[in-house]
Amino acid sequence: MHRIYEYCHLVTPEEIDGLGHVNNVVYLKWLQDAAVAHSTANGWSGRRYREMKIGWVARSHYIEYLQPAFVDQEIVVQTWISTLQKVKSLRKYRIVRPTDSELLVRAETNWAFVNYENLTPRRIPEEVASCFSIVPEQEEPV
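Going left to right, the sequence shown walks through residues 1 to 142 as the working numbering numbers them.
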């Protein structure tokens, strides 16, 4: 089980905006990619969720941009589960540049667990919850 998952990515030219750095919406895509990769690594792929007709939908995102990223730089998205409640979860993220350990982004997403057939909230099944560790605030990466 991956408590704090690390998703690595090399910035591509297509991700650069008119100011010469990574476009803001690209960071959101990286957050989602990291969340999906973390879930998959813990045994819950998108396919498995779809087959069971249950899964996660985003309710809100908070992103704090601290430093820019540029083409051909490697970035690492660190992600973990901060809270797991009856029908919702808070996932946190840090995006760092490993070459200089610079923190580029701090972010979090509020996720709701739903029935995919009618998009109504559904209690998180134990078989899903048991595959994820909660990382207490004092153990979060800094």
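Just so it is clear, CB atoms sit at the ideal spot from N, CA and C, and this is done for glycine as well.
To which residues of the same chain is residue i closer than 6 Å at the C-beta, ignoring the five residues directly before and after it?
i, result
"I124", "F113"
"A34", "Y7, V77, T79"
"L10", "E74"
"V96", "V76, L103"
Provide the residue span of the alpha helix (DSSP H) that contains residue i, from first to last.
i, result
"S39", "24-41"
"R47", "46-52"
"E74", "That residue, E74, is in no alpha helix (DSSP H); its beta strand (DSSP E) goes 74-84."
"E127", "126-129"
Please go through the same chain and pick out, in chain order, the residues whose beta-carbon is closer than 7 Å to the beta-carbon of residue i, but skip the five residues on each side of it.
i, result
"C8", "E74, V76"
"H2", "H38, A41, N42"
Three-state secondary structure (DSSP) at residue i?
i, result
"E64", "strand"
"P13", "helix"
"E117", "coil"
"E102", "strand"
"E108", "strand"
"E140", "coil"
Report buried or exposed for residue i, applying the criterion of at least 16 other Cβ atoms within 10 angstroms of its Cβ.
i, result
"F70", "exposed"
"Y27", "buried"
"V128", "buried"
"T79", "buried"
"Y5", "buried"
"V87", "exposed"
By Cβ distance below 8 Å, which residues in the same chain neighbour residue i in space, the five residues on each side in sequence not counted?
i, result
"T40", "G46"
Note the first and the last residue of the continuous beta strand (DSSP E) segment covering residue i.
i, result
"V96", "88-97"
Checking contacts by CB at 7 Å: is residue i closer than that to chain B?
i, result
"K29", "The structure shown contains no chain B; it is built from a single protein chain."
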